[in-house]
Every structure is written in C-alpha cells, then in structure tokens.
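Visitor: Chains as they are written, first to last, in this note's numbering: chain D, 16 to 421; chain P, 16 to 421.
The structure's right below; bear with me while I get my questions together.
Protein chains: 2
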Amino acid sequence: MSAAGMNGTCPPGGPEDRAARVALTWLAEPGNRAVWTLVHQAGAPATLDRLLSGDIPDARLRGAVAARSAAGDPRRMAEIVLRRADRLGARLVVPADDEWPRRVADLAAMEMDTGGRINSDIRPPLCFWVRGPWPLGETLERSVAIIGARAATSYGIHVTGELAAGISKSGWTVLSGGAFGIDAAAHRGAISGGGRTVAVLACGIDRPYPAGNTALFDRIADTGLLISEWPIGAEPLRHRFLIRNRVIAAATAGTVVVEAAARSGAAQTMSRVLALDRPAMVVPGPVTSAMSVGCHEILRNNPYARVVTSAGEVLEEIGRIGEYYAETPRGPERRHDHLDEETALVLEALPRNGSVTPEQVAAEARLNLRTVLRRLSLLEIAGLVARTGDGVALAHVSGRNRHDAG
Amino acid sequence: MSAAGMNGTCPPGGPEDRAARVALTWLAEPGNRAVWTLVHQAGAPATLDRLLSGDIPDARLRGAVAARSAAGDPRRMAEIVLRRADRLGARLVVPADDEWPRRVADLAAMEMDTGGRINSDIRPPLCFWVRGPWPLGETLERSVAIIGARAATSYGIHVTGELAAGISKSGWTVLSGGAFGIDAAAHRGAISGGGRTVAVLACGIDRPYPAGNTALFDRIADTGLLISEWPIGAEPLRHRFLIRNRVIAAATAGTVVVEAAARSGAAQTMSRVLALDRPAMVVPGPVTSAMSVGCHEILRNNPYARVVTSAGEVLEEIGRIGEYYAETPRGPERRHDHLDEETALVLEALPRNGSVTPEQVAAEARLNLRTVLRRLSLLEIAGLVARTGDGVALAHVSGRNRHDAG
C-alpha cells in the first residue's frame, strides 16, 4: 500500500518505518525532492541510514543534515517526539496506514515550471501528525480548500463563512491553514455548518500558530482534524507556510481563494492546484479592494481558474471534473439535506427501481440535458445516484424512501 | 465602397440611396435580415420599390411593411425626416460615405446560435443618424464600449468613471448607450478624461431617451457623437434596445461590462461581442452585490470572457488581439500621458534612432520578454513605436524628444 519500497526487516508502517519518517522530517524539510526520492526507492529506514552516514549527493541536503545532526541524534529526537505526541493525543499517520490520504501521492509527479528552491521541494509528505477524531484519508477524500489573506476585509470574512457553511452542510470537509482572516473564517463557517474542518499547520501540532487562534484550534481538534507534516516542537518558520501550501493544493478536491493581496502566497498555491489539474476557484471582489487584487490577478493569469460566487458553484466545479469521491458515503440524513430545486427535480425524475437515460431524466424533469448531467454528477458524488450499464439509477444505500429527498 | 449592389440610376450614397435607406428604416426595424439581404443584393432604392409593391416572401416583414405603409407614405416620411434632421443639425451617414464605420460590416456574417426573433435580426445598419463634430468612422475606429446596469451601485458608478476616464486619456473613444447608471457614468468619465464619447441611442436623435439625461446628451453632442439607426421621431421602444446592442458590440474594438443583474441585457450584448471575436471584458464585483451577479454569470458561462480591473487592463486586452487601429493618431501631448511604469521603461529602452529587437529591449529595460512584447504592442497602438524590418523603433511623429514620455 505504501509508496515506499519494501524492506524485509523494516516493513512499511512498522515501528522502524514510522520512527525513520519522523527522524527524516526532523533532518530535512518536508517535500524535499532528494529525500522523498530515496525513501521512494529504498524505504525510510535505509534512507535515514544513508543520510546519517553522510552519503548524500545533494550538497544543500548534505549541509542541512549535518547541521541538524549536530543539534541532536535524529533517532533519539524521533523517540522523544513520538512519546510526546502520544501524551498530547496526537497520532502519526504514514503511507502504509489505512487512513493515509490518497490524493497527496499526486505530488510525486507534479512539475512546476519555476526553478526556485521552494518550488523544487514539492514532493509528497513522508508522514502526517494528526489530532482529532476522524480518519484522515476519509475526511480529506471529499474536501475543499478555502484559502486567502490574513488581513481579510469584512467582505472576505462574510463570504468565506457563507461558502464554508454551505460546503460543510453539503457533507464536504473544509480545509484551510490556521491563520487569522480567511483561514479562521473558513473553519468557523464549516463548524457552524455542522461538518468537518481540517487545519493544516506549518509547525508542530503541539503549538498551533498563531496562539490567538488557540480556542479555535481546540474546537477544530474536537470536531475535525488538526494536521501537520512537522514534528512536535517545530517552529512556524516563514518558508514552512509555502512548503505546507502544496498539501493544501494536493489533499483536496479543489481550492477556493476568497481574498488575496497582489502577488500573494495564494497565487503560489493556485499555481500548484492548476499543476495538479484540480479545480482552481476564485471569489471575485470589488476591483477597488486591495484584498481582491490577488484574486483578479489569478483569474487574469490563469485561463483555467474559475469564478465562483457560492457554495453551490464550488460543488458544481468539483462535480465538473467528473471524479467519483463517494467512497465514504455519509448517513442519508446528511446527504439529502440542502438539495437545490433543480437537483431535487432530477432526483424526483428517477424511477424507484430500474435505470433510465439522462435524456429520459431531462424530459421527465423538464430541464435541459446539460443541467441534468451536472446534477446527476453531483448526485452521484453524494452517493444518491449510481451509474448503470445503460444509464443512471437511484442508489439504494438505505431503506429510506426517495421522497425523503424532496 | 458600399455593401449595397450598384444601380446605374441610383448610385450608392446619392440622394435616392439615402432617402431609400431612411424609408426602409422607417418601414422595418434596423437589423432585419430580409431587408438587409435585399439591399445587399439590389441596393436600397430597388429594395424599397419591391417592399412597397408587396413582393415580400417573409410573412412577418410583409405584415410589418403593410402596417407601416398604412400609417404614411414611406418616401414622404423620409423626405420629412431628412428635412427635420437638417434643421436639428443631424446628418445621415450611409455605407457609401467616407465616415461610415467599417467594423459594423462584421454583423453581415455574425451567426447566433439562438433562434429567437431579436437574435435573427442582427444584420448591419442601413444608415446612422449622427449629431456631433467628429467623423463617425474615425471616432469608432479606436473605441471601447462600456455597458452595464441602469440601477448601478455607487461602486459601479465609481469604477465606470475611472475606467472611462483612463480609456479616454489614452486616446480611445468611449461608447455606451444613453441610460442612467453605467451608461451615463461612462460618458461623464470619458468627458472628464478629455476624449471623445459616443452615445448609441435606440430612438430618434431628436429626442434622446431618457429625458433626465438631456443635459448630458447635449454635452455629448458637443464633445463627441450622438448616433442612432432610427429615424427622427422614433420612440424608444423596449425591443429597440436589444436591436441597438448589436451595434455597441460591433462598432467597437471591445466591450466592458461593469455591473449587470442576473440574466440582463448585458449578457446578450456580450454573447454578440464573443460571436464577433472581439474582446469581451468583465469588471468583477462583490459576490454579495445583486448588480455584479450578471458580471459573474458572464465570466462563468463564457470561457473567453476576461476579467478587467483597470483602464490599463482594458487596453491590454484590446492590444492582445493584435489589431492596429492607429489610423488617427492624436497629438503627442495626449499619447505620452499616463504610461505605466513598465511601459515607460520599455519606451526608455528604445534608442533615439535606429531599430532594436524586442530581446534587446527586454535586456535594456530588465523586463521579461513577454512583458516587453505586450508593452510594445500597446505603444504601437498608441503610435509611439513602429515595427521595422528587423525589430522596433521609436515613431518620430513630432519633433519632440522621447524624454517627454518619461
């Protein structure tokens, strides 16, 4: 199951693999191309041995490893970190675990056309530290990132809250960073919508940054997930936010930027979202607002970035890519909620038993075929409709009558 | 020069041609496909003869002509209208005239995919009534349409004023309708920018509608142009605004929508702009504003519609299509104003004499080549730079030193 190579004495997911991944993340920043490539080829324990022996072709990595090793024995640091995490109620998730999120693997093949250091260190995470009650992979499977400026305006905060609540009510997870402004508004909106929210930190999850959001972080750990690639104790250094951003882009089904200043980090995240072929969505704003300049820049510079103005449009954009994420259907009491009128008409037009063609649905619902296809896509994602050999049919996942959905 | 067929006794542009075009516009609404096709094949006088003889295959047109003829003799009406126009200081412009605007001919080939009546009557104008001191064709050659809602917000009014003033200062004509809201703000902004503005009416230019804009219309007729396809005395009927919109789309180098409600007339105009392969530009706004819903709809429904946030971006979009409209260069005192920093750097990087390659300009200006190419394109449109066999050179249109441009 793991992307890492097999090793007879140190099976992926075993104690040695886990400790080696923690030590490697302590030695070099997550996303490091050379480290990830070695782990992919030889496994984490062998990579750790090799790095500690000084056999490192990459000069920059060799320097970093030497500096970190001088500060402490990486294997000993890993032990300490694992013990402290256990006391904090945090768990380590590695690629061999069932709850490893599958989408981050796409970072293995992502290429960025800029040659800078941050853009070269974009490989998949070696591990995640996780606090919260939900399985990580299942929670991220149906997730949307909402990102934006710390110095958000009341407009941005309001729109973010509405978007996040709508996404959350539709049974999708909201994911964001931990910053003030748009990030915090996204988590609060998702919590108010009754769904899960995930904060991806750029520091140890023992000390989520900024401290001003501590009460919010505690609430996220109770109702959603706090996650980080960095070991317990890691500081929120500036460059780590840029490294972290690749996980926001890769772990979700799509990313929405609500407000961003000119040449902001949001543009960098969006370029990764686009490089990963995920929906890159932008909320426009007043052209007179400095906090919308970055949003409009992204729209002007990326023909594939799309304007979105509501949670419904966000879900439509995600449905557009035609992926099927309903591996973890929610209970029917969630999935039937908040259908818009057209979606309800499409659902009503499906026979209780047997399958029909989308054209038949369109005729019955008196909607045009394009609308019907989009709505069917959303209903399929929601687990309410299934494709059959010759058309579509109601998915009978529970004993409930379809009229519950009206 | 005329699109109309030649006729030995009635040369295009002669008195019979002119009177027949006025009579035809009085008999049938402008844009009528059947009338335009007959005029194109046989000329206006022969078409008028044929329509008045009742030899009309199109049943709808036959009905309209019969109803109008019963209200008065079309030839007599044309005489009256031409005499009244002369007293009002308005002139008739027909395709054979030097000042006929060349771009509206593109309506001859435009096809819309919707089958409605308004969308079928999209053929070129037969004539324009014009009030104002400038040649019509030259004025429209370098023009941008700014359109939007009557019930504009203060945000829309402000942004429109800034856009129109910037476009006007760059030596481009602003064109709009005559309505309250965005239209009026566009004209006011253009006048404040010191340039020409053109109001395209959907009624006779003796009675520009709405009357509340009378002072503005008088100012437009003094400093720019008031134009209409409808004869003196024509009422501003509702459907005429939709017919008029095709001229807004076709007469300009590109169209900007600033504010629009959901499913507004602006969306119809923009679909024509796109059908004509002209830049369709949209100013975004708060997603919480009902007056920006139409703008965001246009962006979501048309992948080729582009976000613009400033006059500079509007001119860049128009420059992007690579057309060269600088047939009527303004005086250098106009053209050097308001260069942005990058454009000024590019201009500074050009030698006083001789030509250089864009790559040399990029090296000298320390800008990337893509930026340099875009700025050179704008400077070329502005008449400040000329292409040479092996590169680009300063255009020496006046004796002034290039440092005036800094």
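Just so it is clear, CB atoms sit at the ideal spot from N, CA and C, and this is done for glycine as well.
What residues match up with S243 (chain D) in a beta bridge as DSSP calls it?
Guide: Indexing the first sequence from 1 puts residue 243 (chain D) at position 228. Answer by DSSP bridge pairing, in chain order: D:W144, D:L216.
Visitor: Which of helix, strand or coil does DSSP assign to L422 (chain D)?
Guide: No statement about residue 422 (chain D) is possible, as the shown extent of chain D runs from 16 to 421 and does not include it.
Visitor: Less than 8 Å between the CB of L141 (chain D) and some heavy atom of the ligand PLP, yes or no?
Guide: Ligands are entirely absent from the displayed structure, and the ligand PLP is therefore not among its contents.
Visitor: If I follow the unbroken beta strand (DSSP E) through S11 (chain D), where does it start and stop?
Guide: Outside the shown range of chain D, which is 16 to 421, sits residue 11 (chain D), and nothing can be said about it.
Visitor: Assign L252 (chain D) to buried or exposed, taking buried as 16 or more other Cβ atoms, counted over all protein chains shown, within 10 Å of its Cβ.
Guide: Taking the first sequence and counting its residues from 1, the one referred to as residue 252 (chain D) is at position 237. Flag for L252 (chain D) reads exposed.
Visitor: If you draw a straight line from the C-alpha of G327 (chain D) to the C-alpha of A167 (chain D), how long is it?
Guide: Within the first sequence, numbered from 1, the residue matching residue 327 (chain D) stands at position 312. Within the first sequence, numbered from 1, the residue matching residue 167 (chain D) stands at position 152. In a straight line, the C-alpha of G327 (chain D) is about 23 Å away from that of A167 (chain D).
Visitor: For H311 (chain P), go through chain D and note every residue whose CB falls closer than 7 Å to its CB, in chain order.
Guide: Here residue 311 (chain P) refers to the residue found at position 296 when the second sequence is read from its first residue. Under the 7 Å cutoff, chain D gives P299, V322, T324.
Visitor: For V400 (chain D), return the contacting residues in chain P, with the cut-off set at a CB-CB distance below 7 Å.
Guide: Position 385 of the first sequence holds residue 400 (chain D). Near V400 (chain D) there are no residues of chain P at all, since even the closest Cβ is about 24 Å away, more than 7 Å.
Visitor: Straight-line CA distance for S207 (chain D) to G181 (chain P)?
Guide: Mapped onto the first sequence, residue 207 (chain D) falls at position 192. Mapped onto the second sequence, residue 181 (chain P) falls at position 166. Approximately 44 Å, taken between the alpha carbons.
Visitor: Just mark D32 (chain P) as buried or exposed, buried being the case when its beta carbon has 16 or more other beta carbons within 10 Å.
Guide: Against the second sequence, residue 32 (chain P) aligns to sequence position 17. By the 10 Å Cβ count, D32 (chain P) comes out buried.
Visitor: Within 10 Å of its beta-carbon, does N7 (chain D) have 16 or more other beta-carbons around it, so buried, or fewer, so exposed?
Guide: A question about residue 7 (chain D) goes unanswered here, because the residues of chain D that appear run from 16 up to 421.
Visitor: Kindly identify the DSSP beta-bridge partner or partners of G406 (chain D).
Guide: Counting from one through the first sequence, the residue named residue 406 (chain D) turns up at place 391. In the DSSP output, where bridge partners are listed per residue, G406 (chain D) has D:T403.
Visitor: Confirm, please, whether the CB-CB distance from A268 (chain P) to M285 (chain P) is below 9 Å.
Guide: The sequence position of residue 285 (chain P) within the second sequence is 270, counting from 1. The sequence position of residue 268 (chain P) within the second sequence is 253, counting from 1. No. Outside cutoff.
Visitor: Is the CB of E274 (chain P) under 9 Å away from at least one CB in chain D?
Guide: Numbered from 1 along the second sequence, position 259 holds the residue referred to as residue 274 (chain P). By this cut-off, E274 (chain P) is not an interface position.
Visitor: Using C-beta distances below 7 Å, list every residue in its chain close to L122 (chain P), excluding the 5 sequence neighbours before and after it, in chain order.
Guide: For this step, residue 122 (chain P) is matched to residue 107 along the second sequence. Cβ within range, chain order: I137, R138, P139, R261, A265.
Visitor: According to DSSP, is I137 (chain P) part of a helix, a strand, or is it coil?
Guide: Stepping through the second sequence from its first residue, residue 137 (chain P) is reached at position 122. Three-state DSSP puts I137 (chain P) in coil, outside helix and strand.
Visitor: When you compare each of D:M92, D:V361, D:P26 to A57 (chain D) by their alpha carbons, which one comes out closest?
Guide: In the first sequence, residue 57 (chain D) corresponds to position 42, counting from 1. Comparing Cα positions, the closest option is D:P26.
Visitor: If I measure Cβ to Cβ from A276 (chain P) and keep anything under 7 Å in the same chain, skipping five residues before and after, which residues do I get?
Guide: As a first step, residue 276 (chain P) must be located in the second sequence, where it is residue number 261. Excluding residues within five positions, the ones whose Cβ falls inside 7 Å are A164, A305, M306, V308, G309.
Visitor: Is the Cβ of E328 (chain P) closer than 9 Å to any Cβ of chain D?
Guide: Your numbering for residue 328 (chain P) matches position 313 in the second sequence. It does; some Cβ of chain D falls within 9 Å.
Visitor: Would you tell me roughly how many angstroms separate the C-alpha atoms of S183 (chain D) and T303 (chain P), rounded to the nearest one?
Guide: Mapped onto the first sequence, residue 183 (chain D) falls at position 168. Mapped onto the second sequence, residue 303 (chain P) falls at position 288. Their backbone Cα atoms lie some 20 Å apart in a straight line.
Visitor: Which residues bound the alpha helix (DSSP H) around R5 (chain P)?
Guide: The structure shown has nothing for residue 5 (chain P), since chain P only spans 16 to 421.
Visitor: Under DSSP, the alpha helix (DSSP H) around V108 (chain D) begins and ends at which residues?
Guide: Here residue 108 (chain D) is taken as the residue at index 93 of the first sequence, counted from 1. Taken as a continuous stretch (DSSP letters only), V108 (chain D) belongs to no alpha helix (DSSP H), being part of the beta strand (DSSP E) at 106–108.
Visitor: Per DSSP, which residues does R321 (chain P) bridge with? Please list them.
Guide: As a first step, residue 321 (chain P) must be located in the second sequence, where it is residue number 306. Looking at the DSSP assignment, R321 (chain P) forms a beta bridge with P:M296.
Visitor: In chain D, which residues lie less than 8 Å from T270 (chain P) when you measure between Cβ atoms?
Guide: On the second sequence, position 255 is the one that residue 270 (chain P) refers to. Neighbours of T270 (chain P) on chain D: none; closest Cβ ~17 Å, over 8 Å.
Visitor: Quick one: does S307 (chain P) have its CB under 9 Å from some CB of chain D?
Guide: Here residue 307 (chain P) refers to the residue found at position 292 of the second sequence. Cβ-Cβ to chain D under 9 Å: yes for S307 (chain P).
Visitor: When the Cα atoms are used, what is the spatial distance from G239 (chain P) to E94 (chain P)?
Guide: Within the second sequence, the letter at position 224 stands for residue 239 (chain P). Within the second sequence, the letter at position 79 stands for residue 94 (chain P). Computed Cα separation, rounded: 27 Å.
Visitor: Check each residue of the region 95–125 of chain D: if its Cβ is closer than 9 Å to any Cβ of chain P, include it; give the result in chain order.
Guide: So nothing in the stretch comes that close.
Visitor: Could you tell me the distance, in whole angstroms, from the CA atom of W41 (chain D) to the CA atom of P246 (chain D)?
Guide: To locate residue 41 (chain D), count along the first sequence from 1; it is residue 26. To locate residue 246 (chain D), count along the first sequence from 1; it is residue 231. Their Cα atoms are separated by approximately 7 Å.
Visitor: Can you give me the Cβ contacts of F195 (chain D) inside the same chain, cut-off strictly under 6 Å, excluding the 5 residues immediately before and after it?
Guide: Residue numbering aside, residue 195 (chain D) sits at position 180 when the first sequence is read from its first letter. Closer than 6 Å at the Cβ level, and outside the excluded window around F195 (chain D), lie R165.
Visitor: With DSSP as the reference, please indicate the residues paired to L190 (chain P) in a beta bridge.
Guide: Counted from its first residue, the second sequence places residue 190 (chain P) at position 175. Note: L190 (chain P) sits in a beta bridge opposite P:A160, P:V213.
Visitor: Hey, how far is the Cα of A401 (chain D) from the Cα of A295 (chain P)?
Guide: Here residue 401 (chain D) refers to the residue found at position 386 of the first sequence. Here residue 295 (chain P) refers to the residue found at position 280 of the second sequence. Going by the C-alpha atoms only, they are around 39 Å apart.
Visitor: Can you give the Cα-Cα distance for P116 (chain P) and T188 (chain P), rounded to whole angstroms?
Guide: The residue you call residue 116 (chain P) lines up with position 101 of the second sequence. The residue you call residue 188 (chain P) lines up with position 173 of the second sequence. Whole-angstrom Cα-Cα distance: 13 Å.
Visitor: Any beta carbon of chain D sitting closer than 9 Å to that of Y170 (chain P)?
Guide: Here residue 170 (chain P) refers to the residue found at position 155 when the second sequence is read from its first residue. At least one chain D Cβ lies under 9 Å of Y170 (chain P).
Visitor: Candidates D:L178, D:A38, D:A79, D:R75: which alpha carbon is nearest T62 (chain D)'s?
Guide: One-based indexing of the first sequence puts residue 62 (chain D) at position 47. Closest option to T62 (chain D), Cα to Cα, is D:A38.
Visitor: May I ask you to report which of helix, strand or coil DSSP gives V361 (chain P)?
Guide: In the second sequence, the residue the question calls residue 361 (chain P) occupies position 346. Three-state result, V361 (chain P): helix.
Visitor: Between the C-alpha atoms of G193 (chain P) and A100 (chain P), what's the straight-line distance to the nearest angstrom?
Guide: Working through the second sequence from its first residue, we reach residue 193 (chain P) at position 178. Working through the second sequence from its first residue, we reach residue 100 (chain P) at position 85. So the alpha carbons of these two residues sit roughly 19 Å apart.
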